[in-house]
Amino acid sequence: MCSPALLGAALIFMGGRAFTTPQATVGFGIPDTPADDPASRPWLRVKGLREIACGVFVFVFVLMLVATTIPLGWYVMALAAIPAGDAVVVLRSGGPKAAAYGIHGASAVVMLMTSIGLLV
């Protein structure tokens with residue numbers, strides 16, 4: 005049986021490879037994705053961000069099992085990494101700023117405010 009720490013670390017490692025070695029992540033999703041094509045890189049990074057966030061969630065989930073709203077606050081804060089990362093990916097790939105800030109950025113801010121409310 006896999007320990008939660010090992011599972012979380014593996015997910016974070018696999019997600020990080022989307023940024024460091026995108027060719028290694030192509031087989032984990034959309035078939036025939038050309039990793040060397042700059043147009044495909046943002047999609048691989050989105051996938052990587054979600055894997056990293058899921059790895060962090062595994063660590064936080066273990067804390068939630070033994071505590072109160074404090075771990076939930078940290079959990080929501082960790083979840084905010086997804087829309088924040090999406091905003092960065094949209095901006096770096098030349099996407100619309102309105103979507104980056106208005107959708108993804110706003111979602112991250114709401115989630116961070118919620119997490120602060122849970123932590124205080």
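Numbered per the working numbering, the sequence shown spans residues 5 to 124. The C-beta atom is built at its ideal place from N, Cα and C for all residues, glycine as well. Note that this is a predicted model, so its numbers are computed, not measured.
When the options are compared against residue i, the one with the closest alpha-carbon
i, options, result
"valine 114", "Gly99, Met18 and Ala88", "Ala88"
"threonine 25", "Gly52, Asp90, Leu123 and Met81", "Gly52"
"alanine 14", "Val60, Asp41 and Thr73", "Val60"
"histidine 108", "Val50, Ile74 and Ala22", "Val50"
Distance between residue j and residue i (C-alpha atoms, nearest Å)
i, j, result
"serine 44", "proline 38", "6 angstroms"
"tyrosine 79", "glycine 20", "20 angstroms"
"valine 94", "leucine 76", "28 angstroms"
"phenylalanine 63", "methionine 117", "21 angstroms"
"proline 46", "serine 97", "6 angstroms"
"aspartate 90", "valine 124", "27 angstroms"
"leucine 122", "leucine 83", "14 angstroms"
"isoleucine 16", "glutamate 55", "6 angstroms"
"serine 111", "valine 92", "13 angstroms"
"proline 28", "serine 119", "Note on residue identity: the sequence assigns alanine, not proline, to residue 28. If you take the alpha carbons of alanine 28 and serine 119, they lie about 34 angstroms apart."
"lysine 101", "alanine 22", "23 angstroms"
Supposed contact pair residue j and residue i - C-beta distance, whole angstroms, cut 8 angstroms
i, j, result
"isoleucine 86", "alanine 57", "5 angstroms"
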